[in-house]
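Residue numbers (UniProt numbering): 1 to 146.
For reference, the structure discussed in these notes is given below.
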């Protein structure tokens with residue numbers, strides 16, 4: 001029975017967090033970095049919330065991803081819990097067309113753009129911005145591009 005606990009936790013987590021788990025997998029696949037340890041508290045925009053001017057290109061990726069999710073949420077999607085499927089082969093992410101609803105597909109596309117951005121800026125990732133205190137973020141919040 002002890003082996004069942006992780007399985008039960010996984011099932012509960014999938015129901016509650018849907019696309020955030022797919023996103024974590026996609027980040028791990030594409031960047032080779034641990035999504036939780038290396039991106040969830042990075043800079044001013046990676047992880048929950050965001051304010052001020054992004055610290056670097058990786059942080060800009062997170063800010064744009066927040067905007068992408070925000071635009072979908074404004075259209076009635078629930079981006080953080082939309083479950084979707086994707087494949088990762090030969091360095092390429094493909095959002096599966098059979099993923100069902102429009103919101104699921106678009107959430108996957110937001111995540112795909114995001115991880116491609118993270119990969120593009122891997123060389124400028126700065127460990128100093130990992131576990132960055134959002135209270136230290138200042139400056140004008142950038143506008144989302146439509």
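Even for Gly, the Cβ is constructed at its ideal location relative to N, Cα and C.
1) Is it right to say residue 50 is buried, meaning 16 or more other beta carbons lie within 10 angstroms of its own, or is it exposed?
2) Cα separation between residue 128 and residue 75?
3) Just to confirm before moving on: does the CB-CB distance between residue 132 and residue 43 stay below 7 Å?
4) Looking at residue 96: is its Cβ nearer than 7 Å to the Cβ of residue 109?
5) Quick check: residue 45 and residue 68, are their CB atoms within less than 7 Å of each other?
6) Do residue 80 and residue 20 have their CB atoms nearer than 7 Å?
7) Rounding to the nearest angstrom, what Cα-Cα distance links residue 30 and residue 93 in this structure?
8) Under 7 Å between the Cβ atoms of residue 107 and residue 84?
Let me spell this out:
1) Counted from its first residue, the chain shown places residue 50 at position 50. With a 10 Å radius around the Cβ and a threshold of 16 neighbouring Cβ atoms, residue 50 comes out buried.
2) If you number the chain shown from 1, residue 128 lands on position 128. If you number the chain shown from 1, residue 75 lands on position 75. C-alpha separation (whole angstroms): 36 Å.
3) For this step, residue 132 is matched to residue 132 along the chain shown. For this step, residue 43 is matched to residue 43 along the chain shown. Taking a C-beta distance under 7 Å as the contact criterion, residue 132 and residue 43 qualify as a contact pair.
4) By one-based count along the chain shown, residue 96 stands at place 96. By one-based count along the chain shown, residue 109 stands at place 109. Contact: no.
5) On the chain shown, position 45 is the one that residue 45 refers to. On the chain shown, position 68 is the one that residue 68 refers to. Cβ distance not < 7 Å, so residue 45 and residue 68 don't count as in contact.
6) As a position in the chain shown, residue 80 is number 80, starting the count at 1. As a position in the chain shown, residue 20 is number 20, starting the count at 1. Going by C-beta atoms, residue 80 is nearer than 7 Å to residue 20.
7) Here residue 30 corresponds to residue number 30 of the chain shown, with the count starting at 1. Here residue 93 corresponds to residue number 93 of the chain shown, with the count starting at 1. Going by the C-alpha atoms only, they are around 8 Å apart.
8) Along the chain shown, one-based indexing puts residue 107 at 107. Along the chain shown, one-based indexing puts residue 84 at 84. Against a cut-off of 7 Å, the Cβ pair of residue 84 and residue 107 comes out as a contact.
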